[in-house]
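Colleague: A single structure is presented below for examination.
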Amino acid sequence: MKKTAIIMGSDSDLKAMQGAMDTLKALEMPFAVRIISAHRTPEAAAAFAKGAADDDYGVIIAAAGKAAHLAGAMAANTILPVVGVPMKSSTLDGLDALLSTVQMPSGMPVATVAIDGATNAALLAAQILALSDPALAKRLSDYRAAQTAKVLEKDARISAEYSNL
Ligand code: RP5
């Protein structure tokens with residue numbers, strides 16, 4: 000299976016991205032975790048994106064906060080799908096990063112998930128790679144079924160406890 004890259008602009012993004020690592024692990028997907036910044040290490044960012052397809056990556060997840068250009072910088076240097084995760088910051092609650100990540104110009108797409116949406120970024124990566132991997136597609140279907148069962152179980156429990164019919 001092709002690898003997924005989880006790139007973060009700073010080690011301060013690590014905690015918010017834990018959900019992506021947990022989800023990829025649960026789906027038995029190989030992934031690399033790197034700290035690469037569009038602004039602080041721009042050469043490394045370009046080099047990673049340019050080499051990613053040859054290095055057997057299939058999807059790049061790029062998480063950054065504030066004036067978040069990491070996902071766009073990745074997209075500029077590869078035709079691999081890039082999933083952008085805007086990071087919540089202390090000053091503008093992530094709205095700055097959301098707009099910076101989502102407002103890509105036509106011709107250069109970044110699939111942007113919610114602010115701190117690490118888990119959905121991993122699931123989107125899985126869905127992309129599952130197109131050519133039936134075993135992964137089965138694990139994704141099982142993941143969905145388990146999620147559905149959990150909600151149905153909560154509905155039954157809460158309904159029995161709180162309804163007054
Ligand atoms: C962004 O700036 C990073 O992705 C991080 O979310 C934010 C703050 O970085 P630090 O100053 O905490 O390293 O580039």
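Heads up: the sequence shown runs through residues 0 to 164, numbered per numbering that gives the first Met the number 0.
Every residue gets a Cβ at the ideal spot worked out from N, C-alpha and C, and that includes glycine.
This one's a predicted model, so the numbers in the text were calculated from it and none came from an experiment.
#1: Give me the Cβ distance between M0 and L130, rounded to the nearest whole Å; I'm assuming they're in contact under 8 angstroms.
#2: May I ask which residues mark the beginning and end of the beta strand (DSSP E) holding A31?
#3: Is T3 helix, strand or coil by DSSP?
#4: Does ligand 1 have a heavy atom nearer than 7 angstroms to the CB of G64?
#5: Between F47, L26 and A61, which has its C-alpha nearest D55's C-alpha?
#6: Name the two residues that bound the continuous alpha helix (DSSP H) containing M107.
#7: Report the option in T40, M86 and S162 whose CA atom is closest to the CA atom of I60.
#8: Can D95 be considered in contact with ligand 1, in the sense that its beta carbon sits closer than 7 angstroms to one or more heavy atoms?
#9: State yes or no: is the C-beta of G50 nearer than 7 angstroms to some heavy atom of ligand 1?
#10: DSSP state of I127, grouped into three classes?
#11: Exposed or buried, V84, counting other C-beta atoms within 10 Å across all chains shown (16 or more means buried)?
#12: Does the structure place the stretch 108–126 close enough to the stretch 62–75 that three or more beta carbon pairs sit under 8 angstroms?
Modeller: Straight from the coordinates:
#1: Contact doesn't hold; Cβ gap of about 12 angstroms is too wide.
#2: F30 to I34
#3: strand
#4: yes
#5: F47
#6: Careful: M107 lies outside any alpha helix (DSSP H) and carries neither H nor E.
#7: For I60, the closest alpha carbon among the candidates T40, M86 and S162 is that of M86.
#8: no
#9: no
#10: helix
#11: buried
#12: yes
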